[in-house]
Structures are given as C-alpha cells and as structure tokens.
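Residue numbers (full-length UniProt numbering): 1 to 249. Okay, structure first, notes after.
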Amino acid sequence: MAAATAAIVVPCKYKTGRVLGEGTYATVRESGKRYAVKVISKKLMQGKENMIRNEIAVLGQISVGHANILTLTDYFETFNNLYLVTELAEGGELFDRICSKGSYYEHDAAYLVRTICRGVAYLHSKEIVHRDLKPENLLFKTKAEDSELLIADFGLSKIIDKDKFDLLTTTCGTPGYMAPEILQKSGHGKPVDMWAIGVITFFLLSGHTPFDRQNTLDEMHAIIKSEYSFAPPENWDGISDTGKKRSFH
C-alpha cells in the first residue's frame, strides 16, 4: 500500500483586525496590510453559492482595470468560510456620508456622480451589469472630502454574452434602487445601472430616495408607475433645474 501523502500546510498570509462592516452573509474585516477581507459564511450562503462564484468571476475580470472599481487581491477558503481579500477603502460608505451631511451641494454631488459613471462605463464596456448599485455599495477610497469612490459588491452582477442579444430576467437588487423593468420581469440590461445612478443622484441632492414609501410593496408600485416628486420644496432649495433633470426626468 502506498504511503499516504502528507497534507500541505500553507502559512496564513493574513492577520485579521477590526470589523469594518457586516451583512446578511458576510463580515468585512481590516487586515494587517491595507486590505479588507470579506468573510463569507458557507453555512449562511447554502443555496446561494453562485453569488460568490459570480462575484469572484466578475472581480477577476475587472480588478486593477479601473480606478473606481474595488480591486480583488486574493481569495481562499476554509472549512467554514470563504474569504475575498480586496483593497481597503478607508473612507467608508457613501450612504453613511449622506446620512451624516443630510444632503450634498449640487457641485459636490456632480463630482461623485461623474465618478460613479466612469466606473459604470468601464463595467459596461466589459459587458458587465452591476445590478445592485446603491450608496451602501459605493466606498470612499480615503477619508478625504474629495476622495474617489469605488464600486463594490458584485454578487448580483452579470456578465452579458455580447455575441447574442440576451435580456436578463432575474429579479435582483435593492427595491428602492431597482428599475421598473426588473420589477416587471420584462427583461433588463445595462440601463438598470443608469436608473440606479439616477436614484443615487436624487438621494445625494435631497437626502431621501425618490420612491420611499411606508412599505416595500408600495415602493415597488411607485417605481413601476414612476411616481415621485421634488418635495418637500426646502430639500431642493439651491438645486438647479438641470440638477433635477439629471437625477430624474
């Protein structure tokens, strides 16, 4: 009988630090060098493993390709968890900054939206639809006020087969930022990312989202019917007509 092959032990390259954020399936930690580690529980992700494989595939295709895309540095797994090692975005989420400020001046909002659009244009040039753009998935590279934004969280992203016209039909994303065609299951593609950018722009300028309602069902109905208004008026003081049109029109 042949002798059993000894297991190969690979020394750990990372030492985890403080928790940076937590989601339903994953925890993001700071590691010793300037990385963030997304720790994903295999137990909690049972039945949703395709989201992780998808995120790795998408990030592997676009990482280091654009200044406004979060870079995937490494990934590995243990018996209980999967680990995605990315660059560390030290400035936190756009969502937290909006909540802290209340809203943004139009000039500052325009700068952020241009940054988001540059990143999304790159994704679309690679035939990738993000499908979950929202302030929680937009991270500031540094704590500086004029920091660049990084697009993150590609679990719901989809690589489109450019050799055939193929509309996506899966209902996915965060309700308040979903385009009508996603909710109606009529088929969707790259335009859903542009819709989400419009919602984000509205949020930046006014401090609230355009379709916010008492419950998710009412919110989805408002999206399908495109029922929104620039109210209350005081939230739009100082915002030009052009700014309003750029957010939603």
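We treat Cβ as the ideally placed atom computed from N, Cα and C, and that holds for glycine.
Checklist entry - In three-state DSSP terms, what is I98? => result In this structure, I98 counts as helix in the three-state DSSP scheme.
Next on the checklist: According to DSSP, simplified to helix, strand and coil, what is L138?
Outcome noted: In the structure shown, L138 adopts extended strand secondary structure according to DSSP, grouped into three states.
Item to check | Reference P191; option with closest CA among F202, M178 and T201 | outcome: In terms of CA proximity to P191, M178 leads the group F202, M178 and T201.
Checklist entry - Looking at the unbroken alpha helix (DSSP H) that takes in F202, where does it start and where does it end? => result DSSP places F202 inside the alpha helix (DSSP H), whose first and last residues are P191 to S206.
Checklist entry - Going by C-alpha distance, which of D161, K38, I200 and H221 is nearest D74? => result Checked all of D161, K38, I200 and H221; the closest Cα to D74 is K38.
Checklist entry - Thinking C-beta only, is F211 closer than 8 Å to E219? => result Between E219 and F211, the CB-CB gap stays under 8 Å.
Item to check | Close Cβ partners of E77 (< 7 Å) along its chain, the five nearest in sequence each way excluded | outcome: Residues of the same chain with a CB within less than 7 Å of the CB of E77, apart from the 5 flanking positions on each side, are Y83 in chain order.
Checklist entry - If you pair each beta-carbon of the segment 141-159 with each one of the segment 196-214, do three or more pairs fall below 8 Å? => result No, they do not touch.
Next on the checklist: In whole angstroms, give me the CA-to-CA distance for A222 and S63.
Outcome noted: Each residue's alpha carbon lies about 36 Å from the other.
Next on the checklist: Measuring alpha carbon to alpha carbon, tell me which residue in A110, A89 and I151 is nearest residue 268.
Outcome noted: In the structure displayed, the chain extends from 1 to 249; residue 268 sits before or after that span and is not available.
Next on the checklist: So, with DSSP's three-state summary, where would you put T73?
Outcome noted: In the three-state DSSP reduction, T73 falls in the strand class (E or B).
Checklist entry - When you compare each of T216, M45, I200 and G189 to N80 by their alpha carbons, which one comes out closest? => result Checking every option, the nearest Cα to that of N80 belongs to M45.
Next on the checklist: Which residues does DSSP list as the beta-bridge partners of I151?
Outcome noted: DSSP lists I69 and L138 as partners of I151.
Checklist entry - Would the beta-carbon of I56 fall within 8 Å of that of I151? => result No. Outside cutoff.
Checklist entry - Hey, out of K158, T71, I98 and K225, whose CA is closest to L112's CA? => result Cα-wise, what sits closest to L112 is I98.
Checklist entry - Buried or exposed: P232, going by 16 or more other Cβ atoms within 10 Å of its Cβ? => result Exposed, since its Cβ has fewer than 16 Cβ neighbours within 10 Å.
Item to check | L217, buried or exposed, once every other Cβ within 10 Å from all chains shown has been counted against 16 | outcome: Exposed.
Item to check | Counted within 10 angstroms of its Cβ, other Cβ atoms place F165 as buried (16 or more) or exposed | outcome: The predicted model places F165 with a pLDDT of 48, which falls under 50 and marks its position as unreliable, so this point remains unresolved.
Checklist entry - If you draw a straight line from the C-alpha of R246 to the C-alpha of R118, how long is it? => result Answer to the nearest angstrom: the Cα atoms are 16 Å apart.
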